[in-house]
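A quick write-up on the structure given underneath.
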Amino acid sequence: MAQKRKHFRSNYWAPIIDREISIVLAIAWYIGVQLLRTKQLPPYISHTGINRVPALMADIQKQAASVYTELFRKDDIVYKFYVADTGDKYLDGKVGLITSYHSVKCCFATKIEGAHQMKNSDLFLSTANMEPFKRVYTPTYVPHPSKDTCIIRLGNHFPHFNHVSPCVTFYADIFSEIGGITASPHTGGQAQRDRLVELIEMKELMRHTDAEKIRSQQTELKEACQNYMSLTLLLKATLKRNSSRQAYAIMFSPVNDRSITERWR
Numbered sequence: 000m001a002q003k004r005k006h007f008r009s010n011y012w013a014p015i016i017d018r019e020i021s022i023v024l025a026i027a028w029y030i031g032v033q034l035l036r037t038k039q040l041p042p043y044i045s046h047t048g049i050n051r052v053p054a055l056m057a058d059i060q061k062q063a064a065s066v067y068t069e070l071f072r073k074d075d076i077v078y079k080f081y082v083a084d085t086g087d088k089y090l091d092g093k094v095g096l097i098t099s100y101h102s103v104k105c106c107f108a109t110k111i112e113g114a115h116q117m118k119n120s121d122l123f124l125s126t127a128n129m130e131p132f133k134r135v136y137t138p139t140y141v142p143h144p145s146k147d148t149c150i151i152r153l154g155n156h157f158p159h160f161n162h163v164s165p166c167v168t169f170y171a172d173i174f175s176e177i178g179g180i181t182a183s184p185h186t187g188g189q190a191q192r193d194r195l196v197e198l199i200e201m202k203e204l205m206r207h208t209d210a211e212k213i214r215s216q217q218t219e220l221k222e223a224c225q226n227y228m229s230l231t232l233l234l235k236a237t238l239k240r241n242s243s244r245q246a247y248a249i250m251f252s253p254v255n256d257r258s259i260t261e262r263w264r
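So this is what it looks like as structure tokens:
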């Protein structure tokens with residue numbers, strides 16, 4: 000019976016693992032295209048040349064996995080589970096949360112609630128021991144990004160070329176539009192890379208235009224406020240001056256002069 004449950008769990012998680020691997024590969028492809036588009040790599044590095052720099056490729060893959068965790072795994076109850084059938088009475092029945100998928104060990108890295116794990120350490124579990132907290136139809140399951148953008152910072156693997164570490168912006172909507180979640184744009188060749196560059200540049204142009212519009216509106220509002228304050232001060236000064244003149248005229252009018260004279264008689 001336990002073996003049957005384990006087999007069922009393994010089959011349940013398999014499509015989620017396949018989808019995650021595909022998305023992480025697409026994110027790595029996106030990062031590579033962004034690095035080349037923004038000219039943050041030496042000119043002799045091409046898209047295929049990135050694969051020939053092991054340290055750079057490993058860094059890109061690491062950042063891609065981090066982006067997936069931050070944007071597509073965060074707050075998703077699908078990645079929550081119960082530990083089951085491990086034979087460890089201290090683990091079985093506890094609630095766990097998937098933090099990443101380890102492609103070499105072919106299992107999930109997890110955090111277990113109430114387990115005695117070292118700080119910042121993960122417990123690697125077989126999918127056979129992970130009872131889903133909430134079941135979904137995994138063959139058609141599609142994760143949704145938890146936020147719109149993510150800043151990706153990589154190590155500086157070419158200090159002779161660039162004195163600062165490369166940094167690119169990941170746009171979740173563009174990634175979705177080009178098929179990063181439901182398809183495999185990283186297998187589409189130059190045409191897909193050109194399409195991605197076009198979408199990013201269009202996005203950044205719109206963001207720049209919107210920012211300029213907001214700055215212009217803020218400037219106009221500031222000038223209007225300054226004009227209003229100047230007009231208010233001028234009006235107050237005018238009213239004060241007119242009030243002083245009116246008081247002076249009343250004090251020294253002929254009627255007031257006679258009243259003062261009669262008072263002293």
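Numbering (numbering that gives the first Met the number 0), first residue to last: 0 to 264.
Virtual Cβ for every residue (Gly too), placed ideally from N, Cα, C.
C-beta contact flag for residue i and residue j at 9 Å
| i | j | result |
| --- | --- | --- |
| L70 | C149 | yes |
| N155 | S164 | yes |
| K93 | E112 | yes |
| A27 | D84 | no |
| I173 | I199 | yes |
| R206 | V32 | no |
| F160 | P53 | no |
| K63 | I97 | One point to set straight first is that residue 63 is Ala, not Lys, in the sequence displayed. No, the pair does not count as a contact, with Cβ atoms beyond the cut-off. |
| I44 | L153 | no |
| V141 | T186 | no |
| I22 | Y89 | no |
| H143 | D75 | yes |
Pairwise C-alpha distance: residue j and residue i
| i | j | result |
| --- | --- | --- |
| W12 | L122 | 17 Å |
| S99 | S183 | 20 Å |
| I15 | S125 | 14 Å |
| K221 | L204 | 26 Å |
| L232 | Q216 | 24 Å |
| E19 | V196 | 23 Å |
| V82 | T109 | 10 Å |
| S242 | T218 | 36 Å |
| C106 | T137 | 17 Å |
| L34 | K104 | 30 Å |
| D147 | K61 | 20 Å |
| H101 | R194 | 31 Å |
| Q2 | E176 | 41 Å |
| N226 | K202 | 36 Å |
| R36 | T47 | 14 Å |
| Q189 | S65 | 26 Å |
| P158 | R4 | 52 Å |
Helix, strand or coil at residue i according to DSSP, with G and I counted as helix
| i | result |
| --- | --- |
| C105 | coil |
| K3 | helix |
| P14 | helix |
| W263 | Because the pLDDT at W263 is just 47, under 50, the model does not fix this residue reliably, and the value given afterwards should be weighed accordingly. Of the three classes helix, strand and coil, the one that applies to W263 here is coil, per DSSP. |
| Y67 | helix |
| T126 | helix |
| T98 | strand |
| Y43 | coil |
| K79 | strand |
| K110 | strand |
| D121 | coil |
| G48 | helix |
| K93 | coil |
| T231 | helix |
| F38 | One point to set straight first is that residue 38 is Lys, not Phe, in the sequence displayed. K38 falls in the coil class under three-state DSSP. |
Residue i burial status per 10 Å Cβ neighbour count (16 or more: buried)
| i | result |
| --- | --- |
| A57 | exposed |
| Y170 | buried |
| A25 | buried |
| E130 | buried |
| I259 | In this predicted model, I259 has a pLDDT of only 46, less than 50, meaning its place in the structure is not dependable; the value taken from the coordinates is given anyway. It is exposed - the Cβ of I259 has fewer than 16 other Cβ atoms within 10 Å. |
| L55 | buried |
| Y78 | buried |
| C224 | exposed |
| R240 | exposed |
| L230 | exposed |
| Y39 | It is Gln, not Tyr, that sits at residue 39 in the sequence shown. The residue in question, Q39, is buried, as its Cβ has 16 or more Cβ neighbours within 10 Å. |
| I213 | exposed |
| R72 | buried |
| W263 | Low confidence applies here, because W263 scores a pLDDT of 47, under 50, leaving its location unreliable; read the following figure in that light. It counts as exposed. |
| F80 | buried |
| R51 | exposed |
The ligand COA heavy atom lying under 8 Å from the CB of residue i
| i | result |
| --- | --- |
| T85 | By its list of ligands, the structure shown contains no ligand whatsoever, and the ligand COA lies outside what it can speak to. |
Quiz item: Which runs of the beta strand (DSSP E), 3 residues or longer, sit entirely within the stretch 124-198?
Solution: Those beta strand (DSSP E) runs which fall completely within the stretch 124-198 and span 3+ residues are 129-131, 148-152, 166-170.
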